[in-house]
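The next block holds one structure in the form of structure tokens; read it before the comments.
Protein chains: 2
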Amino acid sequence: MKSFNVVIIGGGPAGLTTAISARSTYPDKSIALIRREKTVLIPCGIPYVLASLNTVEDNILPDGPIHNNNVELIVDNVVGRRDNVLLLESGEEIKFDRVVLAAGSKPFIPPIDGIDKEGVYFIKKDMEYLRNLKEKVKESKKIVVIGGGFIALEVTDELLKLKKKVTVIEKLPNLLPLVMDNEFGDMAISILKDMGADIYVDTVVEKITGEGRVDGVVLTNGKKIDADIVIVSTGYTPNLELAEKMGLAYNENQGIIVDEYLMTSEDGIFAVGDCAAKRSCFTGDYSKIMLASTAMAQGRLVGSNLFKIKVMKVFNGTLGTFSTKIGNVSFGVSGLTESQAKKLGMDYVVGTNETVDKHPGKLPGASKVYTKLIFSRYSHILLGVQVKGGDSIGELVNMYSVIIQNRMTDMEIDTLQIGTHPLLTPSPIAYPAINAAANAILKWYKEKP
Amino acid sequence: MKSFNVVIIGGGPAGLTTAISARSTYPDKSIALIRREKTVLIPCGIPYVLASLNTVEDNILPDGPIHNNNVELIVDNVVGRRDNVLLLESGEEIKFDRVVLAAGSKPFIPPIDGIDKEGVYFIKKDMEYLRNLKEKVKESKKIVVIGGGFIALEVTDELLKLKKKVTVIEKLPNLLPLVMDNEFGDMAISILKDMGADIYVDTVVEKITGEGRVDGVVLTNGKKIDADIVIVSTGYTPNLELAEKMGLAYNENQGIIVDEYLMTSEDGIFAVGDCAAKRSCFTGDYSKIMLASTAMAQGRLVGSNLFKIKVMKVFNGTLGTFSTKIGNVSFGVSGLTESQAKKLGMDYVVGTNETVDKHPGKLPGASKVYTKLIFSRYSHILLGVQVKGGDSIGELVNMYSVIIQNRMTDMEIDTLQIGTHPLLTPSPIAYPAINAAANAILKWYKEKP
């Protein structure tokens, strides 16, 4: 029987990061990573295999870091556990001191009549499946996308680049409904319509039609939309089969229960990434956010705390920070939206700013930047930001994420020293973070006697 | 005699920001802004009038914010003061309760034989002068640039876009010698050489030659370089004439002496921006850094503290954060470089990372990103960052600036939650801030017993 000090189950970003971090921290421990897949895909790159990347292979997560870090790679399936021994599908048994579950997530399958027809696809993290989907997309003219979240819109953007006739159908009243406020959803609708997509929001698919193979969808209002294929992207659910088999506590909707050091209900067994239940850093409530970046932060924490807790590292709950690009416009979010703050019954103040991302604005290639900040009314702390603009949004939103994680207030943001450059950022006079904070401060100020 | 509660002298970004901030904070006060220039230029945009912008007029700082904020604009020259009355060149006198000097800076003129010849230009913040320079550049084939700092290289980049034969001459041993470490200076040299420039470092100009009008330069090694015009960009010095006339304390090399609230040696008189002496946020020593972004932070602080100190706002010294673009490569700096840390006798640890700014790296348009972080050895606090990469560097360096201003440690950076997107940022697994911090942590870790 093989034996390792540390066994990581799952080869996605969470598992890989855990392995690298464990190796750095514990140079003398033996480490193995067990995964089902021969090759692993970069999860956030998956939509881009459809058009931007030539082949699905271009989106492979390289195994170099596994080998370079002296981690033994085992391609197999864990089917159970007996005390501190893992049972593999191949019949092999592996002894461990510590186990980290990084089992990931799988597409949520909405209960729609006809969802199992041939020609209905999900955004799965599976190489063969995606190769086939890429092929089918190529052959199709009309495609229906069910879902209006980030991934659905990234898929839509890719399909539009391929000049497909795309129809997006979202159940909730706007695009990006769970992650951005209405004005941003409206912008996304307008961009996608300009690119030629048909967009239906507040619209439910009653059934997916077709004899044998899909030929379209019927909406609850009776309207029929033709489709050569249907792509469903309505969220993900944690992979919990292994937790069940291993006898770990979990919550069906949220994932494997972990403490602040990501340890499960059993000593020495940890869970990270999409399969682990997460709590919001604002409210402590369960959070459905599944992000590679959160998984990374967890992986680094677990990897370095496997055998001894290092007190300086505590995972204080999930802060959702993400960005996307639709057409030539990028969107970014960190923390709470206004509608989330309202729903939570929080008292808040909104600060906004609109400017351009170069200065002077007459420089070629300048894009409009719109910024919305949500501050806690009494603590003055920044709770959330939403931004729309050019490609710089990707790193800009990380600046906001750092601001939120440091619990900075409007006054502190107002006197931040930031750098600007004509070709790379908005003007210092119009710098969005500062001006939107000043806008919020002005609102407080005017309220006061 | 006209009378105002607040008079701001100087119409650049520092003066303008002070005016806007004063208006927001004190809606009932009368505010005037006195400036010499009929129209003001965006200072950081000035290099870009040479090629990227069609006309110098495209780089005008608009007066809209002055008028929209009910600030009276007076175009005149302040020539002296009698108690709380300003004396203007036109003969007019203006009574004030508070004055803010935002007098800016002017090009440093190096003591080179022939520097006053016709055909020698400086990067002045003067519309007419720049119009003439733009014209002369157009007519020239061979141009010598004296200086190798950010502005000199931005000018060089613009001249290369116009297909001029450009020679850059820097006295110190590398390009960007005062602001970035050697490896970055080497990259700048290599980029500019690839674009066709001749670069001389560690090289002193002995004299500028030509009968009547410039025809070249002679180096101390005897070499002669032909030039139709010479552009000198070797730094700026604070405008101190007005401080002298107003009887304020100043330091000839550093600027007008101000306290932490930017008040000068006289009650009720403040100074902001390039004309004010600044101290480093790391050492408390005088700092020569002149940045619009620092001026902004000061202007906002003074504008809101003119009549009553609001304790929550304190300017804790200058943190230099800036970015630039040379060819298609962007550079960014925040805080201390390694060579500065070494010179200060600090104990430090360096963490580095190299990756690409999209993921997978096979996505079109991906640029290499190189990151260098400098941590204090004992406090583990981030002291400085230098980065090289694509256009996202502009906002990326602002994220680092926020990290430094929050005095975050390597461990805190290691578990930051950041957002990533295939088209907009590096991969979460390779995210530079985190991986460079982890690289530094590993170095500590290995040193320990």
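Chains as they are written, first to last, in this note's numbering: chain P, 5 to 453; chain L, 5 to 453. No residue lacks a Cβ here, since even glycine has one placed at the ideal position from N, Cα and C. Source: prediction; values computed, not measured.
query = Who are the neighbours of P:Asp395 on chain L, taking C-beta pairs under 7 Å?
reply = Against chain L, the beta carbon of P:Asp395 has neighbours under 7 Å at Asp395, Ser396 and Leu428, listed in chain order.
request  = Pick out the complete alpha helix (DSSP H) segments inside the segment 181-214 of chain L, 4 residues or longer, and give them in chain order.
outcome  = Entirely contained in the segment 181-214 of chain L, the alpha helix (DSSP H) runs reaching 4 residues are, in chain order, 186-198.
ask   = What's the C-alpha gap between P:Trp448 and L:Asp32?
value = One C-alpha to the other measures close to 17 Å.
query = For P:Asn357, which three-state DSSP category applies?
reply = The answer is strand: DSSP assigns P:Asn357 an E or B state.
message = Considering just the uninterrupted stretch of the beta strand (DSSP E) at P:Lys372, what are its terminal residues?
response = Where P:Lys372 is concerned, the enclosing beta strand (DSSP E) stretches over Lys372 to Ser380.
request  = Tell me whether P:Gly355 is buried or exposed, calling it buried when 16 or more other Cβ atoms sit within 10 Å of its Cβ.
outcome  = With 16 or more other Cβ atoms within 10 Å, it is buried.
task = Please confirm if P:Val406 has its CB atom under 8 Å from at least one CB of chain L.
result = Closer than 8 Å: yes.
query = Buried or exposed: which applies to P:Val373, given that a residue is buried once 16 or more other Cβ atoms fall within 10 Å of its Cβ?
reply = With 16 or more other Cβ atoms within 10 Å, it is buried.
request  = Give the DSSP-derived three-state secondary structure of L:Gly259 in the structure shown.
outcome  = In this structure, L:Gly259 counts as strand in the three-state DSSP scheme.
key: Three-state class that DSSP yields for P:Tyr435 in the structure shown   = In the structure shown, P:Tyr435 sits in coil (DSSP, three-state: anything other than H, G, I, E or B).
ask   = Name the DSSP bridge partner or partners of P:Thr325?
value = In the DSSP output, where bridge partners are listed per residue, P:Thr325 has P:Ser338.
inquiry  = I'd like the list of long-range same chain contacts for P:Gly398, defined as Cβ closer than 6 Å, with 5 residues on each side in sequence excluded.
reply    = Excluding residues within five positions, the ones whose Cβ falls inside 6 Å are Ser327.
inquiry  = One question on the structure: do P:Val221 and P:Val234 come within less than 8 Å of each other, judged by their Cβ atoms?
reply    = Contact: yes.
task = Under 7 Å between beta-carbons, which chain L residues line up against P:Tyr52? List them in chain order, please.
result = Per Cβ cutoff of 7 Å: Leu367 and Pro426.
query = Hey, L:Lys146 and L:Asp230 are a contact pair by Cβ (cut 8 Å); roughly how many whole angstroms apart?
reply = L:Asp230 and L:Lys146 do touch by the CB rule: their CB atoms are close to 5 Å apart, below 8 Å.
key: Per-residue burial, L:Asn63 [other beta carbons within 10 Å of its own, 16 or more giving buried]   = Burial call: buried.
Where the alpha helix (DSSP H) through L:Phe154 begins and ends = For L:Phe154, the enclosing alpha helix (DSSP H) covers residues Phe154 to Lys165.
key: Rounded C-alpha distance that separates P:Leu176 from P:Ser237   = Here the alpha carbons of P:Ser237 and P:Leu176 stand approximately 14 Å from one another.
inquiry  = Please tell me whether P:Phe112 has its Cβ less than 8 Å away from any Cβ of chain L.
reply    = At a cut-off of 8 Å, the C-beta of P:Phe112 has no neighbouring C-beta in chain L.
task = Please check the pair L:Asp117 and L:Lys211, which I expect to be a contact at CB under 8 Å, by giving their CB distance rounded to whole angstroms.
result = Between L:Asp117 and L:Lys211 a beta carbon distance of about 4 Å is seen, short of the 8 Å cut, so the two are scored as contacting.
ask   = Hey, L:Tyr352 and L:Phe379: beta-carbon distance below 8 Å or not?
value = Between L:Tyr352 and L:Phe379, the CB-CB gap stays under 8 Å.
ask   = So the alpha helix (DSSP H) L:Asp101 belongs to, where does it begin and stop?
value = Note, L:Asp101: premise wrong, no alpha helix (DSSP H); beta strand (DSSP E) at Glu97 to Leu105.
request  = Kindly indicate if chain P contains any beta-carbon less than 8 Å away from that of L:Lys6.
outcome  = Interface residue (Cβ-Cβ distance to chain P less than 8 Å): L:Lys6 is not classified as such.
Straight-line Cα distance separating P:Gly277 from P:Gln302 = Approximately 7 Å, taken between the alpha carbons.
inquiry  = Just verifying my parser: in three-state terms, what is the DSSP assignment at L:Arg135?
reply    = Reduced to three states, the DSSP call for L:Arg135 is helix.
ask   = Along chain L, which residues have their Cβ under 7 Å away from the Cβ of P:Gln258?
value = Within chain L, no residue comes near P:Gln258; the closest Cβ sits about 18 Å away, beyond 7 Å.
inquiry  = Taking the alpha-carbon of P:Ser396 as reference, which of P:Asp418, P:Pro436 and P:Met415 has the nearest alpha-carbon?
reply    = Nearest of P:Asp418, P:Pro436 and P:Met415 to P:Ser396, Cα basis: P:Pro436.
task = Below 8 Å on the Cβ atoms is my guess for P:Arg3 versus P:Glu122; work out the distance and round it to an integer in Å.
result = Past the boundaries of the shown model lies residue 3 of chain P; chain P is included only from 5 to 453, so the question cannot be answered.
query = Helix, strand or coil for P:Gly393 per DSSP?
reply = In the three-state DSSP reduction, P:Gly393 falls in the strand class (E or B).
query = Going by C-alpha distance, which of L:Ile35, L:Val44 and L:Met294 is nearest L:Ile98?
reply = Measuring from the Cα of L:Ile98, the nearest candidate turns out to be L:Ile35.
task = Output yes or no for whether 8 Å exceeds the beta carbon distance between P:Ile46 and L:Ser431.
result = The Cβ-Cβ distance between P:Ile46 and L:Ser431 falls below 8 Å.
inquiry  = If I measure Cβ to Cβ from P:Thr429 and keep anything under 6 Å in the same chain, skipping five residues before and after, which residues do I get?
reply    = Here the set comprises nothing.
query = Who does L:Ala275 pair with in a DSSP beta bridge?
reply = Note: L:Ala275 sits in a beta bridge opposite L:Leu105.
ask   = What does a CB cutoff of less than 8 Å around P:Pro426 pick up in its chain, not counting 5 residues either side in sequence?
value = Closer than 8 Å at Cβ, skipping near neighbours: Lys362, His363, Pro364 and Leu367.
query = What are the residues of the segment 329-340 of chain L that lie near chain P, defined by any Cβ-Cβ distance shorter than 9 Å?
reply = Of all residues in the segment 329-340 of chain L, the ones placed with a Cβ closer than 9 Å to any Cβ belonging to chain P are Lys329, Ser334, Gly336, Val337 and Ser338, in chain order.
ask   = Leaving out the 5 sequence neighbours to the left and right, which residues in its chain are closer than 8 Å to L:Thr287 when beta-carbon positions are compared?
value = Contacts found: Leu348.
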